[in-house]
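Colleague:
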Ligand SMILES: NC(=O)c1ccc[n+]([C@@H]2O[C@H](COP(=O)([O-])OP(=O)(O)OC[C@H]3O[C@@H](n4cnc5c(N)ncnc54)[C@H](O)[C@@H]3O)[C@@H](O)[C@H]2O)c1
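Listed below in C-alpha cells is the structure:
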C-alpha cells in the first residue's frame, strides 16, 4: 500500500504544460496517494497535450484557465465546486516572463516586462487562494513554486528574481491571513529542473551544472522529489508547517561555493 492515503481529498493543480512540468510531477505524487485531481492548463494550444497526459488518471477533471483573466479564474473554481463540492489542496505552479527579460542586463527590463512577469508569476497566487478558500470548508493546503533567485543573483534569472521575492512574501501574508481557518500556505524552492520554463532562462545549463557540482548531494534533484515534497506539504504530515519556503535543492543553498 502507498504510505499516505489521501483518497478522500481533492486538489486543483495549475500549471501543467507537458510531461516535464513540475505541476505534472506534483499531479503524479498526489495521484499515487489517491487524491482526486482537477488539472488546469493555460490555453487551447495546450489542451490536446493535457488530454493525452491525463487520459489514464481516473476521476480527474481537466480545466482551462489563463490567470490573467479574472473571469476564467472564477469559472475554474465554479466548475471545481460543482464537480468536487469542496477542495482540500491548491497547487500554483505557474510562471511567465518575456524571453528578452530572462537574460542580458537586468537594468534593461521594460515596464511591460516587469508588469507581465509579476502579474502572472506572483499576483496570480492571490486570486487563486482567495477563490480556493471559499471551497476549503474543512481547512486546506496551498503549495506554490519558487527559486532561490528570490534572494541571490543568478545571471539570466533577472525579472523572475523579483517575481519570486514577491511570491514568497505573498506566501507569508496569505499564511497569516488564512491560518485561523486552518488553510496552510507554503512554497517549495526547487533546484533547476529541465522544463519548458527552465530552458527559457539564459545560462540554465550552467545553473544545473553548478548545482550538481556544489550541492552536498552532488547531483541535481528530480521531478519526483519535488512532487513528493508537495505531497508532504498537502498531507497532514506537515500539519504544523505554514508560511514556509522549503528547499528541495540537494542542499545547494547551504554552500558558500
Ligand atoms: N524548472 C525549474 O528549474 C524551476 C525551479 C524552481 C521553480 N520553478 C517554478 O516552477 C513553476 C513551474 O514551472 P516549470 O519549470 O514546471 O515549467 P512549465 O513551463 O512546465 O510550467 C509553467 C506553467 O506556467 C503556465 N503559465 C504561464 N503563463 C500562464 C498564464 N497566463 N495562465 C495560466 N498558466 C500560465 C504555463 O502554461 C505552464 O504550464 C514556475 O513557478 C517556475 O518558476 C521552476
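Numbering (our numbering), first residue to last: 14 to 270. By construction, the Cβ of each residue, glycine as well, lies at the ideal position given by its N, Cα and C atoms.
Spell out a yes or no on whether the segment 45–59 and the segment 217–228 are touching, meaning 3 or more CB-CB pairs, one atom from each, closer than 8 Å.
Modeller: Verdict: no, contact absent.
Colleague: How long is the line joining the alpha carbons of residue 161 and residue 19, rounded to whole angstroms?
Modeller: Distance between the alpha carbons of residue 161 and residue 19: 30 Å.
Colleague: In the DSSP assignment, the alpha helix (DSSP H) including residue 141 goes from what residue to what residue?
Modeller: Start and end: 138–148.
Colleague: Hey, could you find the ends of the alpha helix (DSSP H) residue 242 is sitting in?
Modeller: Element bounds for residue 242: 236–247.
Colleague: Check for me: the beta strand (DSSP E) holding residue 158 runs from which residue to which?
Modeller: 153–159 is the span of the beta strand (DSSP E), which, as asked, contains residue 158.
Colleague: Just the C-alpha distance for residue 42 and residue 211, rounded to the nearest angstrom, thanks.
Modeller: Computed Cα separation, rounded: 21 Å.
Colleague: Is residue 155 near ligand 1, going by C-beta to nearest heavy atom under 7 Å?
Modeller: No, the beta carbon of residue 155 sits no closer than 7 Å to any heavy atom of ligand 1.
Colleague: Given that a residue counts as buried once 16 or more other Cβ atoms are within 10 Å of its Cβ, and exposed if not, what is residue 241?
Modeller: Answer is buried; the Cβ neighbour count reaches 16.
Colleague: Taking residue 196 and residue 149 to be in contact with their CB atoms under 8 Å, please state how far apart those CB atoms are, rounded to whole angstroms.
Modeller: Between residue 149 and residue 196 the Cβ distance is about 5 Å, and since that is below 8 Å, they are a contact.
Colleague: I'd like to confirm the pairing. Which residues does DSSP put opposite residue 27 in its beta bridges?
Modeller: Answer by DSSP bridge pairing, in chain order: 53 and 105.
Colleague: Tell me which residues share the same chain as residue 251 and place their Cβ nearer than 6 Å to its Cβ, disregarding the 5 neighbours each side in the sequence.
Modeller: Excluding residues within five positions, the ones whose Cβ falls inside 6 Å are 245.
Colleague: Name the one or two DSSP bridge partners that residue 77 has.
Modeller: Its beta-bridge partners are 54.
Colleague: Nearer than 7 Å: is that true of the beta carbon of residue 31 relative to any heavy atom of ligand 1?
Modeller: Yes, the beta carbon of residue 31 sits closer than 7 Å to at least one heavy atom of ligand 1.
Colleague: Are the beta-carbon atoms of residue 38 and residue 239 separated by less than 8 Å?
Modeller: Yes, these two residues count as a Cβ contact at 8 Å.
Colleague: Measure the alpha-carbon distance for residue 173 versus residue 69 and round it to whole angstroms.
Modeller: Residue 173 and residue 69: Cα-Cα distance of roughly 34 Å.
Colleague: Tell me, to the nearest whole angstrom, how far the beta carbon of residue 166 is from that of residue 256; I am working on the premise that it is less than 8 Å.
Modeller: Their Cβ separation, rounded to whole angstroms, is 25 Å, which puts residue 166 and residue 256 out of contact at 8 Å.
Colleague: In the DSSP assignment, find the beta strand (DSSP E) that holds residue 200 and state where it starts and stops.
Modeller: Where residue 200 is concerned, the enclosing beta strand (DSSP E) stretches over 196–203.
Colleague: Is residue 214 helix, strand or coil when you go by DSSP?
Modeller: Residue 214 falls in the coil class under three-state DSSP.
Colleague: Compute the distance between the beta-carbons of residue 126 and residue 111, then report whether it is under 8 Å.
Modeller: Yes, the Cβ-Cβ distance between residue 126 and residue 111 is below 8 Å.
Colleague: Specify, as a first and last residue, the run of the beta strand (DSSP E) that residue 259 falls within.
Modeller: Run containing residue 259: 258–261, per the beta strand (DSSP E) assignment.
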